[in-house]
Amino acid sequence: MAVISEVKNVKLNNPVLLIGLPGIGLVGKIAIDFIAEKMKNEKIGSIYSTYFTPAGITYKGQINLIKDEFSVIKTKTKDFILLTGIAQPALFENINPEAHFEFAKKIVEIAKSLGVKEIYTFGGLDISDARITKRPDLYFVTTNTKKKEPSKYAKLLQDEITISGVAGLTLGFAKEDGMQGYCILAETTAKLIYGDFEAAKKMLEFISKYFGLKVDLKDIDKEAKKISKAFKEVQSALKQLSKDESSDVKPSYVR
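Going by my numbering, the sequence shown opens with residue 1274, and the numbers climb by one from there.
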């Protein structure tokens, strides 16, 4: 009983699954959570795993199991299923790798049962300290290189990388089942443990343009500006430190 799910059998119009769970820089989670918060949606189910943190979570005095939730946004042309939450099986050595496979496979099974033919996962691409000096770019990978629809707004990632957890495994299983999938990646750094809102904003702009979802980005714009300002302050401090160190260097020769 590693993965437990309860999802309504609902009739959907050309559904697409968008997954944003915790990962590097919390980029995907912030983006999909933001859409769920700002757009009218209906909760249709939940999924959890015995490999989640063994705890209950409280809110306003009420305790619940840690679960990820499925919800649906309905539009005229298609319906968007969002998978949001605060957990996925942890990437620790003492966690059985099977937990990740079972969880991702179950997500794909649920998607298929709801009539989904396309899955999009959203995550962060760790560029470490380079993120301090540059604005985040967007990249994507696909289950079929003949299908590159996101290329209008993101670059096809040519580098060989490992995409861990749900963001990567879900697409692997989707491909095996003949489904189309994309992973959209925003440059960030793993050091931003409380979230890279600037990278998440970039991802939200992609979602808005690519899917035609009208999302008010005003609130996330404030947080993105804070991140940008903090990075500028770090750059300024590093430059000053470099100058100070240069001025302390004594000549190593006599002429």
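From the three backbone atoms N, C-alpha and C, an ideal C-beta is built for every residue, glycine too.
Beta-carbon proximity of residue i to residue j, cut-off 8 Å
{"i": "Ile1303", "j": "Phe1484", "result": "no"}
{"i": "Glu1454", "j": "Gly1296", "result": "Here residue 1454 turns out to be Gly, not Glu, going by the sequence shown. No; because the gap between Cβ atoms is not below 8 Å, this pair is not in contact."}
{"i": "Lys1311", "j": "Val1439", "result": "no"}
{"i": "Glu1391", "j": "Met1452", "result": "yes"}
{"i": "Val1389", "j": "Val1283", "result": "no"}
{"i": "Lys1421", "j": "Leu1429", "result": "yes"}
{"i": "Ile1359", "j": "Lys1313", "result": "no"}
Cα-Cα separation between residue i and residue j, rounded to whole angstroms
{"i": "Cys1456", "j": "Tyr1393", "result": "6 Å"}
{"i": "Lys1385", "j": "Lys1464", "result": "36 Å"}
{"i": "Lys1316", "j": "Thr1461", "result": "30 Å"}
{"i": "Leu1458", "j": "Leu1398", "result": "6 Å"}
{"i": "Asp1432", "j": "Phe1413", "result": "11 Å"}
{"i": "Val1381", "j": "Phe1446", "result": "7 Å"}
{"i": "Ser1322", "j": "Leu1338", "result": "10 Å"}
{"i": "Ala1309", "j": "Thr1406", "result": "31 Å"}
{"i": "Val1276", "j": "Lys1379", "result": "7 Å"}
{"i": "Glu1371", "j": "Gly1468", "result": "28 Å"}
{"i": "Asp1410", "j": "Ala1473", "result": "11 Å"}
Exposure of residue i, with buried meaning 16 or more beta-carbon neighbours within 10 Å
{"i": "Arg1222", "result": "The question about residue 1222 has no answer here: the residues shown for the chain are numbered 1274 through 1528."}
{"i": "Gln1335", "result": "exposed"}
{"i": "Pro1327", "result": "exposed"}
{"i": "Leu1442", "result": "buried"}
Proximal residues to residue i (C-beta, below 6 Å), its chain only, five neighbours per side dropped
{"i": "Ser1481", "result": "Val1488"}
Contacts around residue i, its chain only, beta-carbon distance under 8 Å, and the 5 residues preceding and following it disregarded
{"i": "Val1280", "result": "Ile1317, Gly1318, Ser1319, Ile1320, Phe1343, Ile1383, Ser1386, Leu1387"}
{"i": "Thr1357", "result": "Gly1293, Leu1294, Lys1302, Ile1305, Asp1306, Ala1309, Asp1341, Glu1342, Ser1344"}
### Message
Which runs of the alpha helix (DSSP H) at least 4 residues long sit entirely within the region 1455 to 1511? Give them in chain order.
### Response
1470 to 1484
### Task
Write down every uninterrupted run of the beta strand (DSSP E) in the region 1323 to 1409 whose length is 3 residues or greater and which is fully enclosed by it, in chain order.
1329 to 1332, 1335 to 1338, 1341 to 1347, 1352 to 1357, 1391 to 1399
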